[in-house]
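Single-structure report; data block below.
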Amino acid sequence: MPVFIELNQQVYQRLHQQLLNRITDEEQILHNGMKDPVTNPAILEKKPWNRSMMYLRYAYEAGPRSGNHSFVIKATPVYDGRIRVDYELQVWKSYYKLATEHKHWAKEVVDRTKKRNEHVNLPFIEKKIDQACTKINDIQIHLATYWLQIPTASAAVAAAVASINTTTNSNKNVSNRTRIKNIEKLLTDYIKENIQRIKKMSAIRLEIRIMKKNYHTTTKRLQMNIFPKLIAKTNFQFKFHESILDRHEMQELDLILQNLHSSTSNTNTNTNLDSNHFKPKKTINYRRTIKRLQHKFRLTNTILRKTDKSKVFHLGTVEHYEKQSKDYMERTKAYDCIGQIDPLPELIKHTNKYLLDLRLKKWITPKQYEQLCLKQTDDIELAHLYYLPKAHKPLTPLRPIMSGRKHPTTKISKYLDDLLRPLFNQMASKSTITCGFELIKHLQKWTSINLRQGTSLCTIDVVDLYTMIPQMEGVLALEKMIDHLQLKQVDGLTKETIIRLAKFVMQNNYFKYKNDYYHQIRGGAMGSPLTLTIANCYMFFFEQSIIRQINNSYGLYFRYIDDIIILINWPNRHLKKEINRWNTFDENIQLSDNISNCINFLDLHIENQKGQLITKVYHKPSYQPYYLPFNSIHPLHMKANIPFTMLLRAIRYCSSFEDYFDERGKLRMDLLVNKYPVKFIDKHFTRLLDKFNIHELLNMYNYNTLRQQVVDTPHEAKAAINYQKTLFVHFTYCQNMTTFPRHFHTLWNKYFEQSPINEVTPILGTQREEDKQNEIKVMDIDDANDDSEVIDLRTPVNEIVATSVLTLTDNTGIPLRPIISSINGPTNNVSHFLDHLIRPLFDHVAKQTTFINDIDLVRQLEKYQENGHLLPTTHFITFDVTDLYTMIPRNGALEALGRFLAKASTGGKIGNLSIDTILKLARLVLDTNYFVYNNKYYRQIKGGAMGSAFTMTLANVYMLEWEQPLPRSNPPGRKRS
């Protein structure tokens, strides 16, 4: 018997009717109160069956003859489509509201358009809304064809209702229109119940419209009691009034918060240990990630830049940057486009020729010439222009930066800046400041006498200072400074020489932007060291009349480069009028002011509250709590200085305990977010208080006294370094080098404690890996005799390293090993080539009589013992060849090399080279050993350079021939040099 049989239409209808018409016990109980669901839809809630079953039963009970059946069959897809489109319309309207009111683009919109541009996304959303509305209108028109047949439909509905209801008297007063609406509602409810999936999907789309990529990660972190990464965006500033909490309660609250952070940190540690134990670490391919980001940036015309004066990044469009750059160049008129011809070769020649002319005319010494001229080994390239967005200012203006670290005039610029900046600091010490703490001390002194309720606070910004100062006037400002200080020479340079060099630097600023080259014809390059000094000097002489006017009114005036602060007892209107008058002093200097009783200057917030000075730390709107992460590969003392200095700044800046309490809490939270352990934070917070002899908790009662104690503590000046008795050791820091400084000092004290060399103080410091090329520097040439011949050092010479340590050990009888460092020597490549060619031949021939290292020697000694040659009377003898590299005769060594190659050659050649060619190359290497030592030049005329790769191979070959006549009664051998 088959398990399944096919039902035809008639059998199925009959079976279906039997199942639907079967009356259950519960139906029999409700039979007396049953009414037509069309006339009374509320009765559906009391039915024992669900709505879907009620709809099917009603549709079949109505029967085809009543017209309801055909209406249901035809209207169901139409109503279904309308409900689905209505859900879609709600989603896109929500996206539109989110974009227009909250200025945020839904994730789905960004995924569809690949942009965050309102000119693209808004039309896209409006198009989707119009499409949904059009579909709904089409559906309404389609349904209208049925409503036009109201009489027929009404009769059909009335007949259907009469065939279903057992009690017809109760339905006589129901209008036909009401019956049709009830049928429509029943049909709509049925469809909605069967498309719950569509409704749920629409709700999910609305929930994730503002969801970020790290939503699920953040949820998991919260479930595991770990701080989410976006916690820094939450404001954790707690403010308490004295009437709510007293001093003891506030201290208890502080301890509770610290314990909370500690428990959270421990949870983080345990969780991370567990996760690291079970989950293998995935290797991240950073290069591939960067390439993908660059590709996406190119596709979307996006530029990623680090913002100006902050630690965050800014995403901008290429069009925005190009427009801002074009506007800046047109406004300043400081740059002249010279086309697409690279001016770098001519600029290098011009720079060297200019310096040589100054040397020949004795304007500069040979030492200064060698320090400033350009050499072939120098890495020289033209400057390039880029922009940093000022995200903390409206409309996000750009700050032009000219990166010229390798520019041909950078040496001259840095030399002049190191020479002149101390002079400017000496001249302008009374009108300039270097940091916010220095301003705090001046404010306390001035406000104790002159602060009134109506005192005006003003900050002024000099618009485009570096670019707008005229080049010649800026250079002449340096001359005025030298005259003001009554100096005739500065470090051996006359005033005329300084002016000539500064003028050369200012007038030769070339850079590349995109595919074009530009020449700066106005102002100085923002990135050149000398530009800052010139701008400061120019502003110093500009502001002298303003300073006299402010001082005559018992006001306070200070400047930090292009930012000015003024406190004065003038009405705001009068101060504004005076600033407008100051703007007429110089057409190149334009002042932009901000006058209020509450100002921000540098990182300091200053407020005048009814004649009382209020200060605290100021954070820019673009501030983000990014510090050096605790898990970064940096020395621990760098990380320890962060909580120390930041809390010191909070104490110095915050004039009230409430502001200090808020700043300390925020600092603690920021450090926790950057994965600093709580114990580490508390340790260095306590270290700060101990340094200033504060042994009690800061509270609202003792804060002002202890803060003043910190402010009044004099700044510790840096100890002078005696370079004659100091040894600097630089190393590249990594995780394996964490304990290196401690071990170094331990070994130093162990081996040199009783030696005169212990007078030398070793100082260890870390360096970047790319700075290794600067480890060895060329010694300066003696400039005692100005009439000496000028030697061109464009061809690099070998260098010998002679430190103060070697000089001191020489006095105690400790022998020295001369090392000629020839990494960049002219014959270095030839030396390496010969070494790679000949050394394998020597290793093959001399392997029976030489050993490589201690392990090789041990093997040969064991073999010597196994052969029975080791006896009780056996003597162990060691020899040392004195000054082998230096004392070998050149001609004898080359002859020995020729005989060695003749035995090892094939057809008179080694590889593709003849023996005669190899000997000529070897002669070239030996005869061109030049080096500089103690400011003098030398040429080695005997032996080879200890530092040249070929010298060791040549010495080994010479020693191999020399030791052949020695008796060979099973000796272990000689160590290879």
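Counted from 1, the sequence shown has number 169 at position 169 by full-length UniProt numbering; the numbering is strictly sequential. Built from N, CA and C at the ideal position, the CB exists for glycine as well.
Pick helix, strand or coil for Tyr518, following the three-state DSSP scheme.
Residue state, collapsed to three classes: strand.
Can you give the Cα-Cα distance for Ile589 and Arg581, rounded to whole angstroms?
12 Å
Between Leu591 and Lys514, what straight-line distance do the alpha-carbon atoms span, to the nearest angstrom?
32 Å
Residues sharing a beta bridge with residue 1003, DSSP:
In the structure as shown, the chain starts at 1 and stops at 977, and residue 1003 therefore has no counterpart that could be examined.
Would you verify that the beta carbon of Leu602 is, or is not, closer than 8 Å to some beta carbon of chain C?
Here chain C cannot be found, since the structure has a single protein chain.
Using a threshold of 7 Å, is the CB atom of Thr531 nearer than that to any non-hydrogen atom of the ligand PLP?
The ligand content of the structure shown is nil, which means the ligand PLP is not present either.
Residues bridged to Pro389 (per DSSP)
Leu398
Cα-Cα separation, Phe297 to Pro422:
44 Å
Near Lys114, which residues of its chain fall below 8 Å by C-beta distance, leaving aside the five closest residues on each side in sequence?
Correct list, in chain order: Leu299, Thr300.
On the three-state DSSP scale, how would you describe Thr302?
strand
When the Cα of Arg305 is compared with those of Asn702, His119, Pro397, which residue comes out closest?
Pro397
Check Arg817 in the structure and name its three-state DSSP category.
coil
Look up Ile606 in the DSSP assignment and give the residues it is bridged to.
Ile599, Thr615
Using a Cβ-Cβ cut-off of 8 Å (strictly less than) and excluding sequence neighbours within five positions of Ala42, which residues of its own chain qualify?
With a pLDDT of 48 at Ala42, under the threshold of 50, the predicted position of this residue should be treated as unreliable, and no value is reported.
Between the CA atoms of Tyr510 and Thr410 - distance to the nearest angstrom
12 Å
Residues bridged to Leu933 [DSSP beta-bridge criterion]
It is Tyr, not Leu, that sits at residue 933 in the sequence shown. In the DSSP output, where bridge partners are listed per residue, Tyr933 has Lys936.
Ala945 in three-state terms, based on DSSP
coil
Going by DSSP, which residues form a beta bridge with Val490?
Leu493
Per DSSP, Cys337 is paired with what?
Tyr518
Gly765 in three-state terms, based on DSSP
strand
Can the beta-carbon of Leu465 be found less than 8 Å from the beta-carbon of Asp593?
no
Do Leu206 and Ser325 have their C-beta atoms within less than 8 Å of each other?
no
Nearest by alpha-carbon distance to Phe601: which of Phe728, Leu457, Lys576, Tyr676 is it?
Leu457
Quick check: what's the CA-CA separation for Trp962 versus Val881?
12 Å
On the DSSP letters alone, give me the boundaries of the beta strand (DSSP E) that Asp563 sits inside.
Per DSSP, Asp563 belongs to the beta strand (DSSP E) from 563-568.
Take the Cβ of Lys390 as the centre, count every other Cβ of all protein chains shown within 10 Å, and call the residue buried at 16 or more, exposed below.
buried
Reference Leu355; option with closest CA among Leu382, Arg500, Leu575, Lys942
Arg500
Report yes if the CB atom of Pro635 is closer than 8 Å to the CB atom of Tyr557, and no otherwise.
Their beta carbons are not under 8 Å apart, which means Pro635 does not touch Tyr557 by this criterion.
Can you give me the Cβ contacts of Phe313 inside the same chain, cut-off strictly under 8 Å, excluding the 5 residues immediately before and after it?
Leu304, Arg305, Lys306, Thr307
Beta-carbon separation of Asn551 and Thr455 under 8 Å?
no
Let me know if Val957 comes out buried or exposed under the rule of 16 or more other beta-carbons within 10 Å of its beta-carbon.
Answer is buried; the Cβ neighbour count reaches 16.
Straight-line CA distance for Leu485 to Ile651?
38 Å
Starting from Thr533, trace the alpha helix (DSSP H) both ways and give me its first and last residue.
529-542
In angstroms, rounded to a whole number, what distance separates the CA positions of Ile380 and Asp327?
30 Å
If we ignore side chains and look at the alpha-carbon of each, how far apart do Ile198 and Lys291 end up?
Answer to the nearest angstrom: the Cα atoms are 39 Å apart.
Can you list the alpha helix (DSSP H) stretches of 4 or more residues lying completely in the region 667-716, in chain order?
678-691, 703-712
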